[in-house]
Each structure stands twice: as C-alpha cells, then as structure tokens.
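Residue numbers (our numbering), protein chains in the order written: chain A, 923 to 1425; chain B, 923 to 1425.
Below, the structure is given as structure tokens:
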C-alpha cells in the first residue's frame, strides 16, 4: 500500500520502497545513458555535506587533493596481474577521437580515419595512471610519503544497477599514497579505515563493523583489504568503504623504486582507499521510513523547515515572522555551522502537502507558524523521527532546534545499533546457516566458522547467496576469536567470520 | 637566461617561462594521456580556493549543484544544428564496453562482441544531456526557473595543448538554467557574467572587459554569448569565462515545453555559463614574475611561510617559537578565514633554498626566524611582490600579515589594471592595425571599427591573427560608442570593438 505521497511501504517491498523514495524525494533518477544516474540537487546536497566532512578529515590526517586523467591507456590495465582480472573487463573503451557528418546528412557518425593507435578506457579506478605518474615523482626516501586524494567520477560497466548503490558511473574519492616501508603503508591503511569508521558512525549515524576482506573479496591488486560494513533495515549488508594495503604490487608493475636511507633501491609501498556516492544509498537505507527520508542532521541539506500558515494580511505578517525566526535559528548555529533553515513560501500548495513533502525530503525539524501561534507565543513543532508534535515557545525555538538536532543525530545511531545487534547472530551448523539465509531478503549478520579457503567461501555463496563481509578486526564477542570448525567442511577454523547477503 | 631555480625569464621567452613555471612550481604536468594533464596538489589547491569562492557566489544567487552523466549518446549531439558543428567533431568516442584477454596472452584487447549499438561521446559540454533530462522536469511555469550548476570534467580533443590554458580534459563548472521568459533568461545570463567579473577582479585580481561575442566567436547553439576577457603580461588576451543566452534553441532541439500562466504551451528559455581550470593559467600569467608564482592572497594556498633558521639546541627553540607564531597568525585571520601558514621544517634544505622555493611557489609573505631574531624581538619579513625585506616586531606580526595580504590583493589588481591600460589603444586605419599586430607576441587590446560581418572578421583574423575578443557592454571611453568606418572595408561601423591575439 502506498502512503499519501505514493511510496510503497518497506514491509511490502523494501526494494520498491527504496527506488521510489530516491526518485520521489528528488535525490536521483535514471538517465538516458545505460546504468548512469542523474544526481538531483537534493541528493547532490547530501554528497556535498559528505565531501566537506570527509575532505576535512583527509586534510587533518595530512592528505592533499590532486587530479589525474579520466582516461587510462589500455596497456596500463594489464600491468598488474590481479588488477587486470578484477577491473579491465567491464569498462568503457574509447577507440576514436572524432565524429563527422554522416553521408546521408541525417546526423553524425564515427570518423573511421580517427581511430586511436592505442585505445583508452575510462578509469574504473586510478591506481594504474597514478602509479605511472608517481614514477616521475619518486627517487629517494625524501620524496616519501606521498599522501594524495582525488575527488572524481569513475565508470564500471555494471549489468544490474540501482540508484546510488550500484551505477555504471559514480562519484567517489580515491586516496593513493606511497610509502618507504611496509609498516608505514599498513599504518596508513588502518588510519584511513578509522577515518571511514568515524565518518560512518559520527556523521552518517550508521554503526559499522571493521574488518579484513577474505582473499575472494579483496581488491584486485591488494595485499589485503580493510573495509567498513553496514547493515541496513532489510537485513542486507553494504560495503561502505574500503582501504587497501597494496604492498609493492603497483610499484613493481610500474617500476617505481626509491633509494632508501641505506642507499639501496627498493620498490615503494602503497595504499589506496575510497568511498563513493554509494554512501548516500547507505544512509537512506539505514534510517528512512515509510513517510520518506530520515537523515542524520550532520548530512541533512535542510535542518529546519518553517511552514507559514495563513492568508491575506495574515500571510504577510506570518511570513515576516517566519523570516525573522529563520534568521535567529540560523545564527544560533548547531555543530559549529549555521543551521540550514528554509521557509516554505509556496503559494499553490496546502500546509498539509508541505508537511508531507518535507517529511519525504527528510527535513529534521518542522515548525508550523500561523497567526494564532504568533499571538499565543508558541507553535507546533515536529521532529522527523518522532510521532506527533509539541508546542514550543517561540523564544525557545533556537535552543530547542539545537537540542533536537543533537538528539536526532545520536538517536539515529542508537536505533541503528540496536537494529544491528538484534540482527546479528551466531550459527553452529550448516543446516542452521542454510535456514538463516533461506528467505528472499537479507538475514542480518551471521557469525560462523569458516575453514579459510576461497573454495569453501565460493561454495557457501553459491548455496546461500551469503558472502563473507569481513573477518572482524576485533571480536564482537570474546568467543568469536576462539577456534572452531567450518560450518560447511568441518575443517578447523581460527575464528568466526561475518556472513551476510549484500547489496 | 635561467634564474637560480631554472625558470626562463619572461622577456626571453614568455611561453617557455610559463610552461617551466607551471611544472617547477608543482602546479601541473603532462600525463601519459595525450593532451591531458595531471593537476598536482599545489595547483589543485588553487582550484579548490576558486571553487569555494565561486560556489558560494552561485549559491548566493540562488543556484544548486547537481550531477549529470559523463557520457552523451551520439545522436544527442546532432539535435541542435549549430551545436553539432561546434562541438560534436573533435571528441572522445566510446564504442565498446568490454576488454578481454588477448589470444597471445600478452595483455588485453577490445572485445569485438561488446560493441555498443549507439556510441557515446565523453561530454565536451552538457547542454544536450541536461536538456534531455530537463524535459522530464518541466511541465508548467511553476517548475521554473531551474537554476542548476555542475562541477565536472569535460573533454575536447585538442591538437595543441598548454597546461591549464588548453587541455583535452579539463575541470570546470557549467551552469544550466531554464526560464519562463526571454527576459528572465537574459537577466540570468547577465547576472552570471557579473558574478564572473566580480570573481576575476576581486579574487583573481585580474581586471576584465565584459562584452558580447561576435557571431563568429559565440557559443555554438547560443543566441548570444557574454564573456569576460583578460589581458596578460605578454599582451595576449584570455577568454576567462562565458555566459550564454541560449534562447529556445535547446528546448526546441529536445522538445521541452511548459504551460505558461495563460495556459499556453511554450518552449523554455535557457542559459548556460562556465569557467574552468583555464582560470588557473590566467591568474599565473597575469601576475607571476621571473622568480616564480605571484598569487593574489584570496587564491594563494600558502599565505605565510615561516623559515626557521638555526641548528642544534637553537633549532628546537626556534621551531617551537615558529609554531607558536604560526598559530597566532592563523588565528588572527584574514578576509574572514584563517591565515594559511606553513612552517618549513625541512632539515636537508638550506634557508636560501627555501626562500627561493617559496618565491617560486608563490607564498605571499615570508618570515625568517632565527635565534637572534627571537632574542631581539623582531625578524626579517619579505612580501612577495616587493623587493627586499623589512624588520617587523614579533608581536606585530599577526597584524602586519593581515595588512600585507590586503595590500598584496589590491596592489596586484592595480598593477594589472595599469598594465592593461598601458596596453590598450585605438587605431584608425588598416595599416596601423596591421602594424599593431605585426610582431610574434601579443599586442594588447586594440579598439577599432568593424563593419559587423563575419566575413570581415575572418579576413582580419587571417591577415593578422587578431580576433574580436568582445563588443564591450559599456564603452571604455565615450568615443568608443560613436559610429565610424571599418578599418578593413571602410563600411559603416556602429562602435569600436576589442581586438587581440588570444590564447
């Protein structure tokens, strides 16, 4: 059943709920280009808030931004043996550099004489073009470390797409660092994992597990991959960010050596790490409800909407008061920034329509302001994650808003954590495991023993669609670290790992 | 003759000076991809400052950001008749979506079975994909205006490239707005021209002429094009930004109609406007000298560098003092932001090397701090655009720095304006005109009469390499608005127009 703004409920069809919500809340839509999305202003505003927060954290940890070419020479992709298998296959290939008028005058056609000697591919990720560049920048240990991040678009030719969560083109940041030792690269990879964890929990209000990827799930070209894994409302996992220790793999592929302090030539150590517009999908799936978006205030484009109520002379008076109130609330600030306030002055829409519209769009606090409220000195206020309204004195509103935003930010995290805890369990046998993943939807996080082989992981995935989301860095419960026997093969297992169905 | 950091002097070879400066100051370099650059951290930091300032101005004028696909279906390019001639020709064409292992095992090759039914081109500009999207967003006058900006990369297959000024891939912003009337679109195009003028003059410290492009130079698909035109030190012009009134051309090409207040269907009116990483090249060429970059403080990644001098115990003491001083200067602030201060603690480099290095990189103020300066309570300070140093009391430094930055910001504008005025002249005859442009280099702005035809403009360009930079919106001198006769044809001319050789 659809609500009055026409979004399917989560219980009825979680997938349809998500797709409709993303389109109806004005976040994104499909484009004329297969698998590519248009990110609409309301969705892009969330991305800008994410970018600002992440960029500050990257700079605090010593990184600088730079920009590398969109195109990668085809031959670069085959330099690193694992990387080519993982990335070089489904990608957009540029073969020509000119169009010409078609002979029949009906339009344009590819000019066959403008064929490239070597094809380019649109970057699916930038390790190859960046390590080819770093070769020119690094001679000695004094040139290290290089701590660079890039904000960019990338493209992978995906068969099945879903707005934000999996699209052929997406926006992301990719950090690419170069180090003089394995240990320093390892620290960098762990530092950035921690930055991602903090961002997910403190900004997105999404609790995440931190762990290592199995061999089968790690980045193609990495020594090992760290990740943060979130659980959303339908019990599916989302890989929200990854941080790779690349060892010397790309340095060897692109022949990047440095003279160490002992005067010896050594290959450079590397990391790369990234998060993408997928985070927007994650934050939507984590908190939103059947009425629409629920956004953590730190990432909400609209903190407060004031809906003026009244006609004629009243309207003028109410709008003036609303504008004044908006200014007071803005200046009161929250979390070190101005409060983001809108006064919804649309004339053709009813107050009721506006209430629903702003719930759909995820405004954190709604203030209803009419002539009688002005006379009485208080007005009804609704906070997005709570039912009903309360009357608040107009003079208290700036303070009330600050408190409400802080509450909302922490409440959402608490609710998501409770939900994750309620959806995390341990199973001991293959029968139990199969039963857990028997349904169509997600089944939460399932901690189980695994013999550590890629073969077993593949067999489990084939039988249940569950994959290993991560090998946790620290046990969720002390017993998770105790050895046991693999649920499928019965072979020895060092520790429990986290299984889930994933987006 | 090269200076001690190896940059050719401007007098000797302006073009070589620029190219060497861009590379040696760590701003950008050529990449392995033909015509595409790597923007290095110091160059990207300038771009980030530009983005922040422009983005604020766009938002103050009511615009929101969004993101549209990188790829454009080939057929879209031929929808608008002029646009296809201007843009669809030299561009990167995506024809395939998969690579496969080559049969000989030597690498990867394009999979011939993965040929696209319709090719895509990498956006050279986004009018077509955006207007195809707007079609779904606009039904009635109530959906208008749409005021959207996009920060993105674009690609045009350029034959001759120069870092920042002309590259195959570049970064830019492109505004795309939709309006219910011609007049409103016209106001928008003029508003954004004014935003660009303010940005160029107040942030880049580069005076610009505002004007209209001739038919021959306007945007392919525009009704008319406004532009800002800068003059740099070698007397060449740079088109620094453009704002196009597109009329109903793209709405017609993509069939985008709206119901107006009278209930009639009408095609939507449009504007587009953009500036790019070319602005980085412009700001470098406008102010820098033979010692390196000179940057206006509002766009300088480093406002102040403190070079600690001293060894052993002194070094510890001096560095502690430098860090404290840096903190005080930062917090004192300038122009509403923290002052960007670096303490150069490199151990292997001499103070002399550091002085030259920071002049090369365009730090606005250099503070030299040694143990004797600490004891004496004052230290030598150099401001980037002035010769020599002066001694400043340590306690006065935060105030001094603020004043020095304000002076530098306004002085650079004043110097550039004087230079432009000294390089702007009026000529009355074809002989004078030819003589003005006879040399190899630039010849400043030349105001002359022109008969208004594209044919004459082309003949002038062929004979002299000078093009019409703009038809000024307001006369530089009152007499510029008086009618006259064309320097080439002798036919009647309504007003003087601005000629120059351009980058």
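Think of the CB as a built atom: it goes at the ideal place given N, C-alpha and C, for glycine as much as any other residue. Treat the numbers as computed from the prediction; the structure is a model and nothing was measured.
Per-residue DSSP class, three states only, for residue i
i: residue 907/A; result: The requested residue 907/A is not part of the displayed model; chain A covers only 923 to 1425.
i: residue 1151/B; result: strand
i: residue 1041/B; result: strand
i: residue 1413/B; result: coil
i: residue 1395/A; result: coil
i: residue 1050/B; result: helix
i: residue 1407/B; result: strand
i: residue 1165/A; result: strand
i: residue 1133/A; result: strand
i: residue 1341/A; result: helix
i: residue 1082/A; result: coil
Closer than 8 Å to chain B by CB, residue i
i: residue 1014/A; result: yes
i: residue 1005/A; result: no
i: residue 1267/A; result: no
i: residue 990/A; result: yes
i: residue 1225/A; result: no
i: residue 1064/A; result: yes
i: residue 1341/A; result: no
i: residue 981/A; result: no
i: residue 1011/A; result: yes
i: residue 1019/A; result: yes
i: residue 1067/A; result: no
i: residue 1041/A; result: yes
According to DSSP, residues forming a beta bridge with residue i
i: residue 1096/A; result: 1072/A, 1196/A
i: residue 1032/A; result: 1021/A
i: residue 1422/B; result: 1389/B
i: residue 959/B; result: 952/B
i: residue 1077/A; result: 1091/A
i: residue 1346/A; result: 1367/A
i: residue 1160/B; result: 1152/B
i: residue 1146/A; result: 1167/A
i: residue 1101/B; result: 1191/B
Short CB-CB distance (under 8 Å) between residue i and chain A
i: residue 1345/B; result: no
i: residue 1327/B; result: no
i: residue 1079/B; result: yes
i: residue 1180/B; result: no
i: residue 1283/B; result: no
i: residue 1029/B; result: yes
i: residue 1060/B; result: no
i: residue 1202/B; result: no
i: residue 1270/B; result: yes
i: residue 1054/B; result: yes
i: residue 1390/B; result: no
i: residue 925/B; result: With a pLDDT of only 49 at residue 925/B, under the threshold of 50, the placement of this residue in the model should not be trusted; the figure read from the coordinates follows. No, residue 925/B lies away from the interface with chain A (no Cβ there is under 8 Å from its Cβ).
i: residue 1334/B; result: no
i: residue 966/B; result: yes
i: residue 1000/B; result: yes
i: residue 987/B; result: yes
i: residue 1425/B; result: no
Cβ-heavy atom distance, residue i to the ligand SAM, below 7 Å
i: residue 1040/B; result: For the structure depicted, the ligand SAM is absent and the ligand set is empty, with no information on it obtainable.
Output needed in chain order: residues of the segment 1084-1108 of chain B with a Cβ under 8 Å from some Cβ in chain A. 1091, 1093
Extract the residue ranges of the alpha helix (DSSP H) inside the segment 980-1020 of chain A, only unbroken runs of 4 or more that lie entirely within it. 996-999, 1003-1009
For a minimum of 3 consecutive residues, which ranges assigned as the beta strand (DSSP E) are wholly contained in the segment 1253-1328 of chain B? 1263-1265, 1287-1291, 1300-1305, 1312-1315
Mind listing, in chain order, the continuous alpha helix (DSSP H) runs of no fewer than 4 residues lying wholly within the segment 1174-1241 of chain B? 1200-1209
Could you please tell me which residues of the segment 933-961 of chain A, in chain order, have their CB closer than 7 Å to any CB of chain B? 953, 954, 955, 958, 960, 961
May I ask you to list, following chain order, the residues of the segment 1297-1324 of chain A that have a beta carbon less than 8 Å from some beta carbon of chain B? none
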